[in-house]
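Below is one structure, written out as structure tokens, with a few remarks after it.
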Amino acid sequence: MKQEYNFSRRFFLKTSSALGALAFIPKGVKAFYEEVKNFIVPKKEQLPLTVSINKKSYAIKADTRTTLLDLLREDLNLTGAKKGCDHGQCGACTVHIDGERALSCLTLAAMVPGKEVTTIEGLANGDKLHPMQEAFIECDGFQCGYCTPGQIMSAVACVKEGHTKSVAEIKEFMSGNLCRCGAYNGIVESIQKVAAK
Ligand code: FES
Ligand code: FES
Numbered sequence: 001m002k003q004e005y006n007f008s009r010r011f012f013l014k015t016s017s018a019l020g021a022l023a024f025i026p027k028g029v030k031a032f033y034e035e036v037k038n039f040i041v042p043k044k045e046q047l048p049l050t051v052s053i054n055k056k057s058y059a060i061k062a063d064t065r066t067t068l069l070d071l072l073r074e075d076l077n078l079t080g081a082k083k084g085c086d087h088g089q090c091g092a093c094t095v096h097i098d099g100e101r102a103l104s105c106l107t108l109a110a111m112v113p114g115k116e117v118t119t120i121e122g123l124a125n126g127d128k129l130h131p132m133q134e135a136f137i138e139c140d141g142f143q144c145g146y147c148t149p150g151q152i153m154s155a156v157a158c159v160k161e162g163h164t165k166s167v168a169e170i171k172e173f174m175s176g177n178l179c180r181c182g183a184y185n186g187i188v189e190s191i192q193k194v195a196a197k
């Protein structure tokens with residue numbers, strides 16, 4: 001059915017005078033608003049970056065606001081680190097930067113040139129799994145596996161940091177990594193196993 005519009009003469013007069021008024025905004029005022037807009041909404045800027053991930057160098061261009069997690073997953077197809085909350089609350093995105101654990105969802109890609117990033121993909125030595133990966137398999141340290149890459153990266157760091165003196169200490173230093181499947185007992189056991197070696 002054809003839609004009928006019923007614009008009044010008053011509507012046309014109002015609209016045309018409003019549009020006409022826009023043409024008379026002084027250039028200075030327009031420029032001011034343009035400046036404010038640019039300040040509030042930063043322009044997308046592509047930054048050339050050279051990053052080293054799992055000992056491989058990548059020369060890329062990334063938006064200045066790109067997080068390391070998005071760079072890994074969306075641009076480099078390294079999807080091991082998971083996006084759980086994207087707000088620094090779940091630990092699913094944990095990677096190592098220069099050997100220290102870091103949340104890649106809270107790290108800008110522009111912050112990592114000159115540093116070595118290790119993701120779960122870089123933990124094994126060729127076909128030989130990292131001892132922590134083996135321990136997770138042996139001790140049932142996972143169920144669905146979604147949190148597992150982040151858990152393993154944190155677990156490796158936890159052992160390296162020496163925070164394995166008791167179950168309570170392990171739990172405290174692994175508390176930034178959440179597991180919705182509740183595989184915590186197996187995770188703690190895996191860490192104890194590796195720490196005892
Ligand atoms: S995705 Fe980074 S902490 Fe949750
Ligand atoms: S194994 Fe499923 S969320 Fe941890």
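Mapping of the sequence shown onto full-length UniProt numbering: residues 1 to 197, in sequence order. For each residue, glycine too, the CB sits at the ideal point set by N, CA and C.
query, result
"How about Leu121 and Leu78: do their beta carbons lie closer than 9 Å?", "A small fix is needed here, since residue 121 is Glu in this sequence, not Leu. For Glu121 and Leu78, yes; Cβs fall inside 9 Å."
"Would you check if the segment 174 to 187 and the segment 108 to 121 touch, i.e. whether three or more CB-CB distances between them fall below 8 Å?", "no"
"Could you pull the start and end residues of the alpha helix (DSSP H) that Ala155 belongs to?", "Thr148 to Glu161"
"DSSP three-state call for Asn54: helix, strand or coil?", "coil"
"Could you tell me whether any non-hydrogen atom of ligand 1 is closer than 8 Å to the CB of Gln89?", "yes"
"For ligand 2, which residues have a Cβ under 6 Å from at least one heavy atom, in chain order?", "Phe142, Gln143, Cys144, Gly145, Tyr146, Cys147, Thr148, Cys179, Arg180, Cys181 and Ala183"
"By the 10 Å Cβ neighbour count, where 16 or more other Cβ atoms means buried, how is Arg73 classified, buried or exposed?", "buried"
"Rounding to the nearest angstrom, what Cα-Cα distance links Cys147 and Gly186 in this structure?", "13 Å"
"Under the criterion of a Cβ to heavy atom distance below 8 Å, does Asp70 qualify as lining ligand 1?", "no"
"Among Ser190, Gln143, Asp127 and Lys128, which one has its Cα closest to the Cα of Val156?", "Ser190"
"Would you mind stating whether Gln46 and Thr64 have Cβ atoms separated by less than 9 Å?", "yes"
"Among Ile137, Met132 and Pro149, which has the Cα closest to the Cα of Val194?", "Met132"
"Alpha carbon to alpha carbon, how far is Glu34 from Ala92? Give it in angstroms, no decimals.", "40 Å"
"How would you write the range of the beta strand (DSSP E) that Ile97 sits in, first residue to last?", "Thr94 to Ile97"
"How would you label Gly145, buried or exposed, when you count the other beta carbons within 10 angstroms and need 16 or more for buried?", "exposed"
"Rounded to whole angstroms, what's the CA-CA distance from Lys171 to Lys61? Just pull it up for me.", "39 Å"
"Going along the chain, which residues of its own chain have a beta-carbon closer than 7 Å to the beta-carbon of Asn54, five neighbours each way excluded?", "Thr118, Thr119, Glu121 and Gly122"
"By DSSP, does Leu178 sit in helix, in strand, or in coil?", "coil"
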